[in-house]
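Peer 1: This is the structure I have questions about; it appears just below.
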Amino acid sequence: DAKTTQPNSMESNEEEPVHLPCNHSTISGTDYIHWYRQLPSQGPEYVIHGLTSNVNNRMASLAIAEDRKSSTLILHRATLRDAAVYYCILRASNFGNEKLTFGTGTRLTIIP
Amino acid sequence: KAGVTQTPRYLIKTRGQQVTLSCSPISGHRSVSWYQQTPGQGLQFLFEYFSETQRNKGNFPGRFSGRQFSNSRSEMNVSTLELGDSALYLCASSTVGTGGWETQYFGPGTRLLVL
Numbered sequence: 008d009a010k011t012t013q014p015n016s017m018e019s020n021e022e023e024p025v026h027l028p029c030n031h032s033t034i035s036g037t038d039y040i041h042w043y044r045q046l047p048s049q050g051p052e053y054v055i056h057g058l059t060s061n062v063n064n065r066m067a068s069l070a071i072a073e074d075r076k077s078s079t080l081i082l083h084r085a086t087l088r089d090a091a092v093y094y095c096i097l098r099a100s101n102f103g104n105e106k107l108t109f110g111t112g113t114r115l116t117i118i119p
Numbered sequence: 013k014a015g016v017t018q019t020p021r022y023l024i025k026t027r028g029q030q031v032t033l034s035c036s037p038i039s040g041h042r043s044v045s046w047y048q049q050t051p052g053q054g055l056q057f058l059f060e061y062f063s064e065t066q067r068n069k070g071n072f073p074g075r076f077s078g079r080q081f082s083n084s085r086s087e088m089n090v091s092t093l094e095l096g097d098s099a100l101y102l103c104a105s106s107t108v109g110t111g112g113w114e115t116q117y118f119g120p121g122t123r124l125l126v127l
């Protein structure tokens, strides 16, 4: 599986935007970029995913570099409930590849 | 729609014993994956079942096994427990497991403590 690199930790003030970076220089042309997050004492939850174009949903936005070697998860207005570990994961498109390879993720702290 | 449920939520066992954990996927989901989470190793993939067949397997010893029933419910078993098996065991389900664009939905996990 192609690897991703994320900062170990980040801090942000409440109600401000947060940009979480992810490098994936060995991404293949058919790999999807997924983001999951894990809140304290919970299982991971899906946040967003994309292939080539930027994506928006109710939780966040995903900005993908033109060469696809990096991406950024954007939380438009962070709240205390967004404090979690965020994982950037690459997923191959072949059928039956259900394995998620988690890295160490970025621990996001929100400052009130 | 009910989410992924896992039972039991907490479990204490002693070394040498065996344990069975259960996972009920979201209704209609046919793929069930299991993960182990420890402070030292993070989240690691154990195996994935689809239509009662193990389709993917991680790098864990044979003491870790699983199965899936016709209703897509899954169980994982750990035999001859070791102290290092203490972990949070997470189950995740998805519709047909196409990879790529598909989302996995995680349960709350079973926290296993081996004494």
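Line order of the protein sequences matches chains A and B. For what it's worth, our numbering labels the leading residue of the first sequence as 8, then goes sequentially. For what it's worth, our numbering labels the leading residue of the second sequence as 13, then goes sequentially. We put the beta carbon where it would ideally sit given N, CA and C, even for glycine. None of the values given here were measured: they were computed from a predicted structure.
(1) With a threshold of 9 Å between beta-carbons, can Lys10 (chain A) be considered close to chain B, or not?
(2) Check whether chain B comes within 9 Å of Pro51 (chain A), counting only Cβ atoms and requiring the distance to be less than that.
(3) Could you tell me the alpha carbon to alpha carbon distance between Asn63 (chain A) and Gly74 (chain B), rounded to whole angstroms?
(4) Could you name the residues of chain B that His56 (chain A) contacts, counting a contact when the two beta carbons are closer than 7 Å?
(5) Out of curiosity, what's the CA-to-CA distance linking Thr122 (chain B) and Leu23 (chain B)?
(6) Would you kindly report the start and end of the unbroken beta strand (DSSP E) that includes Phe59 (chain B)?
(7) Run through DSSP, which three-state label would Leu33 (chain B) get?
(8) Tell me whether Arg84 (chain A) sits in a helix, a strand or coil according to DSSP, three-state version.
(9) Under 9 Å Cβ-Cβ, which residues of chain A neighbour Asn71 (chain B)?
(10) Taking Cβ positions, are Leu95 (chain B) and Val126 (chain B) nearer each other than 9 Å?
(11) In the DSSP assignment, find the beta strand (DSSP E) that holds Glu52 (chain A) and state where it starts and stops.
(12) So, does the CB of Tyr93 (chain A) fall closer than 9 Å to a CB anywhere in chain B?
(13) Kindly indicate the opening and closing residues of the beta strand (DSSP E) around Met66 (chain A).
(14) Check this for me: beta carbons of Arg44 (chain A) and Glu52 (chain A), under 9 Å apart or not?
(15) Are the C-beta atoms of Ser45 (chain B) and some chain A residue less than 9 Å apart?
(16) When you check each C-beta in the region 34 to 68 of chain B against every C-beta of chain A, which residues fall closer than 8 Å?
(17) Tell me, please, whether the CB atom of Gly121 (chain B) is closer than 9 Å to any CB atom in chain A?
(18) Suppose the cutoff is 8 Å on Cβ atoms and the five residues either side in sequence are ignored; what does the same chain contact list for Glu21 (chain A) look like?
(19) Could you work out which residues of chain A lie near Leu102 (chain B), taking near to mean beta carbons separated by less than 8 Å?
(20) Within the 9 Å Cβ cut-off, does Thr111 (chain A) reach chain B?
(21) Using a 10 Å radius around the Cβ and a threshold of 16 neighbouring Cβ atoms, would you call Thr12 (chain A) buried or exposed?
Peer 2: This is what the structure gives:
(1) Locating residue 10 (chain A) in the first sequence gives position 3, where the first residue counts as 1. No, no contact with chain B.
(2) Locating residue 51 (chain A) in the first sequence gives position 44, where the first residue counts as 1. Output row for Pro51 (chain A): interface = yes.
(3) One-based indexing of the first sequence puts residue 63 (chain A) at position 56. One-based indexing of the second sequence puts residue 74 (chain B) at position 62. Their backbone Cα atoms lie some 42 Å apart in a straight line.
(4) Start at 1 with the first residue of the first sequence, and residue 56 (chain A) comes out as number 49. By Cβ distance, chain B contributes Trp113.
(5) Walking along the second sequence from the start, residue 122 (chain B) turns up at place 110. Walking along the second sequence from the start, residue 23 (chain B) turns up at place 11. Note on geometry: alpha-carbon atoms of Thr122 (chain B) and Leu23 (chain B) lie some 7 Å from one another.
(6) One-based indexing of the second sequence puts residue 59 (chain B) at position 47. Gly54 to Phe62 is the span of the beta strand (DSSP E), which, as asked, contains Phe59 (chain B).
(7) Residue numbering aside, residue 33 (chain B) sits at position 21 when the second sequence is read from its first letter. DSSP places Leu33 (chain B) in strand when its eight states are reduced to three.
(8) The residue you call residue 84 (chain A) lines up with position 77 of the first sequence. The answer is coil: DSSP assigns Arg84 (chain A) none of H, G, I, E or B.
(9) For this step, residue 71 (chain B) is matched to residue 59 along the second sequence. Ordered by position in chain A, no residue passes the 9 Å Cβ test against Asn71 (chain B), which lies about 11 Å from the chain.
(10) As a working note, residue 95 (chain B) is residue 83 in the second sequence. As a working note, residue 126 (chain B) is residue 114 in the second sequence. Yes, the Cβ-Cβ distance between Leu95 (chain B) and Val126 (chain B) is below 9 Å.
(11) In the first sequence, the residue the question calls residue 52 (chain A) occupies position 45. Taken as a continuous stretch (DSSP letters only), the beta strand (DSSP E) holding Glu52 (chain A) covers Glu52 to Gly57.
(12) In the first sequence, residue 93 (chain A) corresponds to position 86, counting from 1. Tyr93 (chain A) does not count as touching chain B.
(13) As a working note, residue 66 (chain A) is residue 59 in the first sequence. Unbroken run through Met66 (chain A): none, as it is neither H nor E.
(14) In the first sequence, residue 44 (chain A) corresponds to position 37, counting from 1. In the first sequence, residue 52 (chain A) corresponds to position 45, counting from 1. It is a contact, given that the beta carbons lie within the stated cut-off.
(15) If you number the second sequence from 1, residue 45 (chain B) lands on position 33. With 9 Å as the cut-off, Ser45 (chain B) counts as an interface residue toward chain A.
(16) Ser43, Ser45, Tyr47, Gly54, Leu55, Gln56, Phe57, Glu60, Phe62, Arg67 and Asn68
(17) Looking up residue 121 (chain B) in the second sequence gives position 109. Chain A contact via Cβ: present.
(18) Residue 21 (chain A) sits at position 14 when you count from the first residue of the first sequence. Answer for Glu21 (chain A): Ala85, Thr86, Leu87, Ile117, Ile118 and Pro119, listed in chain order.
(19) For the purposes of this step, residue 102 (chain B) is taken as the residue at position 90 of the second sequence. Here the neighbours are Gly50 and Pro51.
(20) The residue labelled residue 111 (chain A) in the question sits at position 104 within the first sequence. Judged by the 9 Å Cβ criterion, Thr111 (chain A) is in contact with chain B.
(21) The residue you call residue 12 (chain A) lines up with position 5 of the first sequence. Thr12 (chain A) is exposed by the Cβ-count criterion.
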